[in-house]
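Below: one structure, written as structure tokens.
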Amino acid sequence: MRNIGSFIFLIAIFFFHSVEGAGKKSSSGKEVEDKRSVVIKAIESAELYDKSGKTKRAITELEKIIETAKICGDENLLAKTYELLIQFNHKTGARKKEEEYTYWLNLIKTAAEKKQLERQSRKNELEITKLRKQNHEAEIDKQQTEEELSKQTDELKRAKDSLDFLDLKNKEHLAQIDLLKKEREIEDLKIKEQESRLKNQELVIKEKDARHRFITAIIASLILGIITLSVLAYVIYKNLRQKRLYSEQIEKQLGVIKHQHENITNSINYAQKIQNAMLPNESDYQHLFEDSFILFKPKDIVSGDFYWFFNVNEGDRGNEAGTEISNRVIIVAADCTGHGVPGALMSMVGYNLLNMIVYNKIYEPHLILSELNKNVRSALQQDKNDNKDGMDMALCVINRESKTIEFAGAKNPIIVIKNGEIEHLKGDKHPIGGSQGEAHRDYTKHTISYDGDTQIYMFSDGYVDQFGGPESKKFMIKNLKDLLLKIHREPFNKQKDILNKTIEEWKGTKEKQIDDILVMGMKVN
Numbered sequence: 001m002r003n004i005g006s007f008i009f010l011i012a013i014f015f016f017h018s019v020e021g022a023g024k025k026s027s028s029g030k031e032v033e034d035k036r037s038v039v040i041k042a043i044e045s046a047e048l049y050d051k052s053g054k055t056k057r058a059i060t061e062l063e064k065i066i067e068t069a070k071i072c073g074d075e076n077l078l079a080k081t082y083e084l085l086i087q088f089n090h091k092t093g094a095r096k097k098e099e100e101y102t103y104w105l106n107l108i109k110t111a112a113e114k115k116q117l118e119r120q121s122r123k124n125e126l127e128i129t130k131l132r133k134q135n136h137e138a139e140i141d142k143q144q145t146e147e148e149l150s151k152q153t154d155e156l157k158r159a160k161d162s163l164d165f166l167d168l169k170n171k172e173h174l175a176q177i178d179l180l181k182k183e184r185e186i187e188d189l190k191i192k193e194q195e196s197r198l199k200n201q202e203l204v205i206k207e208k209d210a211r212h213r214f215i216t217a218i219i220a221s222l223i224l225g226i227i228t229l230s231v232l233a234y235v236i237y238k239n240l241r242q243k244r245l246y247s248e249q250i251e252k253q254l255g256v257i258k259h260q261h262e263n264i265t266n267s268i269n270y271a272q273k274i275q276n277a278m279l280p281n282e283s284d285y286q287h288l289f290e291d292s293f294i295l296f297k298p299k300d301i302v303s304g305d306f307y308w309f310f311n312v313n314e315g316d317r318g319n320e321a322g323t324e325i326s327n328r329v330i331i332v333a334a335d336c337t338g339h340g341v342p343g344a345l346m347s348m349v350g351y352n353l354l355n356m357i358v359y360n361k362i363y364e365p366h367l368i369l370s371e372l373n374k375n376v377r378s379a380l381q382q383d384k385n386d387n388k389d390g391m392d393m394a395l396c397v398i399n400r401e402s403k404t405i406e407f408a409g410a411k412n413p414i415i416v417i418k419n420g421e422i423e424h425l426k427g428d429k430h431p432i433g434g435s436q437g438e439a440h441r442d443y444t445k446h447t448i449s450y451d452g453d454t455q456i457y458m459f460s461d462g463y464v465d466q467f468g469g470p471e472s473k474k475f476m477i478k479n480l481k482d483l484l485l486k487i488h489r490e491p492f493n494k495q496k497d498i499l500n501k502t503i504e505e506w507k508g509t510k511e512k513q514i515d516d517i518l519v520m521g522m523k524v525n
């Protein structure tokens, strides 16, 4: 069946935790080592029995130590035990046992691959955080450099204006010097004319020397001013050149960071392809409900919201959606903790756990939620650590034979419109997983009957919590109920377009999408 692969993947998670947890419960390292020795000796004995023709005795010896091998917490030793059991059962023609042990061996290998994927995902998230921090710091440095360059440019302009002004003044002073020189020449002529008439030649000489020293002082002052301004202009030019070199280095660093960011984005895009491949096809959903739609708008590349449905085929372990339609169909709309990569990882856990639960023929909505809560807490080991991850969920079982809708919700509600009347069914206040003081959680089952055309709408909180509108407020559940009541008689493809257009117009250009958005609609008749 289509979902068997995902189911096996989930079973592997629990099998891995059970083996790992069993090993951790041993009271001491010596006890674990003693049990490993028992398992190793049993394996060696079984191989000797098989070589001596006592294959069934070998199988019996190995089956006795399976639980002991699990307690050791050594996946390689447990894998060796299953490999020998597969070999010996094949040899004796016990095909059913051979398939069973092959199944468990595959679980061990799948768990090891899952652990490697989780480590790589955490490594990618840390790298993204680091690169975002570097990019932010580089942007701040670039902005500060640009502001400093602008300031230095203004200072250089003012210095140039000052130089132009001083140059003009210098020309004026040079003109004055020329004028003074001419005046001095005239004075010299006058002095020569007066020398013959003046009796006190000493007084004439002193006056001439005084004028000469005054003119020399003025010329020296102008030359010193020009030299000072020239040195100042050179220092300003050198500082600006150093700033430009520093700005070029920042541009190169930004280029490297941009390249690294593109590589990480490509990896997340590939993760999106994996998530899309895991989610059911909308065409299969429309095969179960001819009048239906799925509005799915992730906030980031990958999503923490997911949808799931299961076509119950009585007498079988399950029926792949899109084949023969049975009397009962299970529909789920879920919202996992967070969004982006962390939310997507939680969605994979929830999706595969649901497959495992219905594989065990649990079809009651409240029992599915209770079992899912138990398995999520076990998978994330929330009894042993402070992990608070979980999911909100709305789950419906449509029974076409009894014409009933059975609903159970972990925080999330559903909206049912029957004969033009709207009914808002609320889920229980506690989620799946997350913080929990009690050992077990019970969920409430709501049952309503339908006759004629009845519309069901399931959704996450991303639509109603979106900010927007003229006052930048949340869209709220009341507006969604009014909108659905208004459009519920429209064709379902048009309903989807109206819902999408409404939330985009509400968000506008000022607000960003704050969470993943999922809305599912269907008509039962």
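Going by full-length UniProt numbering, the final residue of the sequence shown carries number 525, and the count climbs one at a time with no gaps. Note that CB positions come from ideal geometry on N, CA and C, so glycine has one too.
Thinking just about the alpha-carbon of each residue, which of Asn360, Asp516, Leu345 and Ile456 is nearest to the one in His424? As a position in the sequence shown, residue 424 is number 424, starting the count at 1. Measuring from the Cα of His424, the nearest candidate turns out to be Ile456.
Rounded to the nearest angstrom, what separates Ile40 and Lys64 at their Cα positions? For the purposes of this step, residue 40 is identified with residue 40 of the sequence shown, where counting begins at 1. For the purposes of this step, residue 64 is identified with residue 64 of the sequence shown, where counting begins at 1. Their Cα atoms are separated by approximately 13 Å.
Three or more C-beta pairs under 8 Å: does that hold for the region 500–513 against the region 302–312? no
Opposite Ile432 in the DSSP bridges: which residues? Walking along the sequence shown from the start, residue 432 turns up at place 432. Looking at the DSSP assignment, Ile432 forms a beta bridge with Met391.
Determine whether the beta carbon atoms of Lys297 and His339 lie at a separation below 8 Å. Residue mapping note: residue 297 aligns to position 297 of the sequence shown, counting from 1. Residue mapping note: residue 339 aligns to position 339 of the sequence shown, counting from 1. Taking 8 Å as the Cβ cut-off, Lys297 and His339 do not qualify as a contacting pair.
Do Leu369 and Leu395 have their CB atoms nearer than 8 Å? As a first step, residue 369 is located in the sequence shown; it is residue number 369 there, counting from the start. As a first step, residue 395 is located in the sequence shown; it is residue number 395 there, counting from the start. Yes, they are a contact pair.
Assign Ile414 to one of three DSSP states: helix, strand, or coil. Taking the first residue of the sequence shown as 1, we reach residue 414 at position 414. Strand.
DSSP puts Ala333 in a beta bridge; with which residues? Residue 333 sits at position 333 when you count from the first residue of the sequence shown. According to DSSP, which records beta bridges pairwise, Ala333 is partnered with Tyr307 and Ala394.
Nearest-angstrom Cα distance between Ile517 and Ser460? Locating residue 517 in the sequence shown gives position 517, where the first residue counts as 1. Locating residue 460 in the sequence shown gives position 460, where the first residue counts as 1. Approximately 6 Å, taken between the alpha carbons.
Proximity below 8 Å, CB of Ile59 to CB of Leu85: What you label residue 59 is simply residue 59 of the sequence shown in a count that begins at 1. What you label residue 85 is simply residue 85 of the sequence shown in a count that begins at 1. Yes, the Cβ-Cβ distance between Ile59 and Leu85 is below 8 Å.
Rounded C-beta distance between Gly390 and Thr444? I'm assuming under 8 Å. Within the sequence shown, residue 390 is the residue found at index 390, counting from 1. Within the sequence shown, residue 444 is the residue found at index 444, counting from 1. About 18 Å; that fails the 8 Å criterion.
Using only the alpha-carbon positions, how far apart do residue 540 and Leu174 sit? A query on residue 540 cannot be resolved here, the shown segment of the chain reaching from 1 to 525 and no further.
If you draw a straight line from the alpha carbon of Glu99 to that of Ser472, how long is it in whole angstroms? Along the sequence shown, one-based indexing puts residue 99 at 99. Along the sequence shown, one-based indexing puts residue 472 at 472. Going from the Cα of Glu99 to the Cα of Ser472 covers about 60 Å.
Using 8 Å as the threshold, is the C-beta distance between Phe309 and Gly521 below it? The count along the sequence shown starts at 1 and reaches residue 309 at position 309. The count along the sequence shown starts at 1 and reaches residue 521 at position 521. Not closer than 8 Å, so no.
Run the CB neighbour count on His488, radius 10 Å, all protein chains shown included, and call it buried at 16 or more, exposed below. Within the sequence shown, the letter at position 488 stands for residue 488. So His488 ends up on the buried side.
Please work out which residues of its chain come closer than 6 Å, Cβ to Cβ, to Phe289, disregarding the five sequence neighbours upstream and downstream, and give them in chain order. Residue 289 sits at position 289 when you count from the first residue of the sequence shown. Met522, listed in sequence order.
Can Arg441 and Asn373 be called in contact, C-beta distance under 8 Å? Looking up residue 441 in the sequence shown gives position 441. Looking up residue 373 in the sequence shown gives position 373. Going by C-beta atoms, Arg441 is nearer than 8 Å to Asn373.
Within this structure, are the beta carbons of Met458 and Ile432 separated by less than 8 Å? Position 458 of the sequence shown, counted from the first residue, corresponds to residue 458. Position 432 of the sequence shown, counted from the first residue, corresponds to residue 432. Cβ distance not < 8 Å, so Met458 and Ile432 don't count as in contact.
Sort out for me which residues DSSP pairs Tyr457 with in a bridge. As a working mapping, residue 457 is identified with position 457 in the sequence shown. Answer by DSSP bridge pairing, in chain order: Ile415 and Gly521.
In its own chain, which residues sit with a C-beta less than 8 Å from the C-beta of Gln152, not counting the 5 before and 5 after it? Within the sequence shown, residue 152 is the residue found at index 152, counting from 1. Here the set comprises Ile236, Asn239, Leu240 and Lys243.
In angstroms, rounded to a whole number, what distance separates the CA positions of Met278 and Asn355? Here residue 278 is taken as the residue at index 278 of the sequence shown, counted from 1. Here residue 355 is taken as the residue at index 355 of the sequence shown, counted from 1. Roughly 12 Å separates the two Cα atoms.
Delimiting residues of the alpha helix (DSSP H) encompassing Glu423: The count along the sequence shown starts at 1 and reaches residue 423 at position 423. That residue, Glu423, is in no alpha helix (DSSP H); its beta strand (DSSP E) goes Glu421 to Leu425.
Distance between Asp515 and Glu75 (C-alpha atoms, nearest Å): On the sequence shown, position 75 is the one that residue 75 refers to. On the sequence shown, position 515 is the one that residue 515 refers to. Rounded to the nearest angstrom, the two C-alpha atoms are 40 Å apart.
Within 10 angstroms of its Cβ, does Gly420 collect 16 or more other Cβ (buried), or is it exposed? For this step, residue 420 is matched to residue 420 along the sequence shown. With fewer than 16 other Cβ atoms within 10 Å, it is exposed.
Proximity to Ala210 [Cα-Cα], best of Lys192, Ser196, Ser221 and Glu187: In the sequence shown, the residue the question calls residue 210 occupies position 210. Closest by alpha carbon: Glu187.
What residue from Ala79, Ile71 and Phe88 has the CA that sits closest to Glu61's CA? Taking the sequence shown and counting its residues from 1, the one referred to as residue 61 is at position 61. Selected option, being the one with the closest Cα: Phe88.
Spatial neighbours of Lys481 within its chain, please: C-beta separation below 7 Å, excluding the five flanking residues on both sides. As a first step, residue 481 must be located in the sequence shown, where it is residue number 481. Once the five neighbours on either side are set aside, the close Cβ partners of Lys481 are Ile415, Ile422 and His424.
Does DSSP put His440 in a helix, a strand or coil? Indexing the sequence shown from 1 puts residue 440 at position 440. Correct three-state label for His440: coil.
What are the residues that DSSP puts in a beta bridge with Thr404? For the purposes of this step, residue 404 is taken as the residue at position 404 of the sequence shown. Beta-bridge pairing links Thr404 to Asn399 and Ser449.
Which same chain residues, not among the five before or five after Ala79, have their C-beta less than 8 Å away from its C-beta? For the purposes of this step, residue 79 is identified with residue 79 of the sequence shown, where counting begins at 1. Leu105, Ile108 and Lys109, listed in sequence order.
With burial defined as no fewer than 16 other Cβ atoms inside 10 Å of the residue's Cβ, what is the status of Ser347: buried or exposed? Residue numbering aside, residue 347 sits at position 347 when the sequence shown is read from its first letter. The residue in question, Ser347, is buried, as its Cβ has 16 or more Cβ neighbours within 10 Å.
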